[in-house]
Amino acid sequence: MATLPANIKDLLSDLIARYRSRVDYLAVRLEAAEGADIFLRSDKIETLTEGIAIGGQVRACHKGGWGFASFNQLSTLSDRIEEAIVAARLVGEEETLLAPIPPIQTTCTLPLTGTDPRQIPLSQKKALCQHYSDILRSISPHITTTSIRYGDSAQHVILATSEGTLLEQSWVDMEMRFAATARNGETVQTGRETTGSRKAYEDLVGLDAQVRHAAQRAVDSLALPPVRGNTYTVVIDPVLTGLFVHESFGHLSEADMTYENPDLMEVMSLGRQFGPSDLQIFDGAAPAGHRGSYFYDDEGTPATTTQLIKDGMLVGRLHSRETAGKLGELATGNARGLNYHYPPIVRMTNTWIERGQTPVADLFNGIQEGVYARNWLGGMTNGEMFTFTAGE
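According to the numbering used here, the sequence shown holds residues 4 to 395 in order.
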């Protein structure tokens with residue numbers, strides 16, 4: 004099990020006190036992580052690993068310039084602080100603008116409600132993947148390729164800053180993805196399902212019906228006629244709605260994409276009307292129980308719920324402390340780092356369109372010809388351009 008030294012908080016406090024006067028802002032993040040990764044393609048095991056990692060990062064800001072250093076030897080921490088400070092002082096030429104947040108001294112653990120995946124042998128996780136793979140391949144002779152991906156990770160993070168924050172957070176995350184590709188002549192279709200949890204390993208067990216549905220959907224889709232190119236009224240389900248708003252609007256709301264881009268700032272100007280008066284869009288890590296939820300982001304900003312669209316009008320953006328400071332807005336708790344190798348950047352958390360007033364059964368009223376799209380396959384964004392693909 005990956006663990007940090009027992010006296011690590013005292014060490015961090017001493018180092019922050021020693022170096023804080025040399026820059027405008029100094030932050031040290033330490034991380035201990037462990038996890039498992041399994042990938043089966045058809046009946047072949049392509050990945051079967053367990054790993055642990057202990058490391059950290061230093062971020063220093065001086066006159067608006069940032070220095071960054073990452074490391075996996077805790078004994079070199081003071082050297083890495085020196086490196087980050089030197090880099091920040093070399094490039095800083097303006098003013099450090101960070102939206103203010105209260106210093107935090109606390110410990111937060113996202114509690115599990117069932118079995119910790121670290122207590123499950125890798126062989127048992129592999130057997131679960133093999134079981135689901137067998138289900139996918141058993142549905143039909145038309146199934147040509149299947150894939151199963153399993154991943155779990157446990158993270159323990161400590162953040163110390165020159166502003167007085169000393170924050171400790173721990174959580175466990177699990178995910179499984181199932182895919183089946185069916186072929187009939189030249190027609191190829193794919194069915195996918197994804198599930199995840201931050202609560203219990205049991206949430207990944209007993210998913211036979213969901214796995215079977217992915218394969219059956221691929222087979223059933225072989226008989227569907229192609230949609231003619233045209234302009235249609237489209238009804239999409241909540242899953243695809245989430246992907247749609249993520250790709251079409253969510254990334255544009257990440258302020259690090261826009262705050263130094265005048266063209267995008269004009270597109271995303273507050274007060275601009277983007278939709279009808281009953282359209283409400285939110286993002287936030289504060290709602291509990293979701294995989295995008297947390298207590299504090301990777302800068303120590305408390306999680307919030309940010310309304311991005313109110314009555315069809317743009318009213319908010321997603322921020323790190325720097326983007327909020329430069330735009331004169333409030334930090335929203337959306338600064339997230341993949342791990343200690345990467346500095347935090349602005350990213351969505353849980354993003355959703357608020358429930359409307361129209362009953363689901365009435366959504367199809369008056370549509371003579373249209374498209375009903377459900378589930379998801381994937382999507383991407385490039386500035387104002389975006390694409391997304393329905394799963395069925």
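Every residue, glycine too, gets a C-beta built ideally from N, C-alpha and C.
Check	Outcome
Distance CB(A217)-CB(R201) smaller than 8 Å	no
Opposing strand residues paired with P305 [DSSP bridges]	Y299
Collapsed DSSP secondary structure at L321 in the structure displayed	strand
Limits of the alpha helix (DSSP H) - the one that V248 falls within	241–248
Inter-residue Cα distance where the pair is I104 and A306	12 Å
Euclidean distance between Cα positions of P120 and Q371	50 Å
Uninterrupted alpha helix (DSSP H) stretches inside the segment 111–186 (no shorter than 4 residues)	125–141
Cβ pair count under 8 Å reaching 3, the segment 269–280 against the segment 357–371	no
Assigned secondary structure, T52 (DSSP; H/G/I helix, E/B strand, else coil)	strand
Euclidean distance between Cα positions of E166 and A291	27 Å
Of the listed residues T148, S141, K129, S81, nearest to G3 (C-alpha basis)	Any question about residue 3 goes unanswered here, given that the chain covers just 4 to 395.
Euclidean distance between Cα positions of V26 and G245	41 Å
Residue closest to L7, alpha-carbon to alpha-carbon, out of L33, H65, A212	L33
Burial state of V363, where buried means 16 or more other Cβ atoms lie within 10 Å	exposed
Given 8 Å, three or more beta-carbon pairs between the segment 218–229 and the segment 255–265	no
Ordered list of beta strand (DSSP E) runs contained in the segment 22–84, each at least 3 residues	28–44, 47–65, 68–74
Minimum C-alpha distance to E332 - residue among H249, G188, H159, L100	L100
Cβ-Cβ separation, A288 to N378 (assumed contact under 8 Å), whole Å	That belief does not hold up - the Cβ atoms of N378 and A288 are roughly 25 Å apart, past 8 Å.
Stretch-stretch touch, CB-based, cutoff 8 Å, three pairs: the segment 30–46 with the segment 137–150	yes
Under the three-state DSSP convention, the category V191 falls into	strand
Burial state of M383 (16 or more Cβ within 10 Å)	exposed
Pick from G38, G394, W355, M177 that is closest to Q219, judged by C-alpha positions	G394
Beta-carbon gap between D314 and P347 smaller than 8 Å	no
Inter-stretch contact (C-beta, 8 Å, three-pair minimum) for the segment 53–61 and the segment 71–85	yes
With 16 other Cβ atoms within 10 Å as the buried cut-off, status of L227	exposed
Rounded separation between W174 and Y343 - CA only	15 Å
Cβ pair V208, L131 closer than 8 Å	yes
Best match in I19, T304, S136 for proximity to R339 [C-alpha to C-alpha]	T304
Status (buried if at least 16 other CB within 10 Å, exposed otherwise) for G188	exposed
Cβ neighbour criterion (16 or more within 10 Å) applied to Q127	exposed
Within 8 Å, strictly: CB atoms of V214 and F181	yes
Same chain, Cβ closer than 8 Å to D365, neighbours up to 5 away in sequence not counted	none
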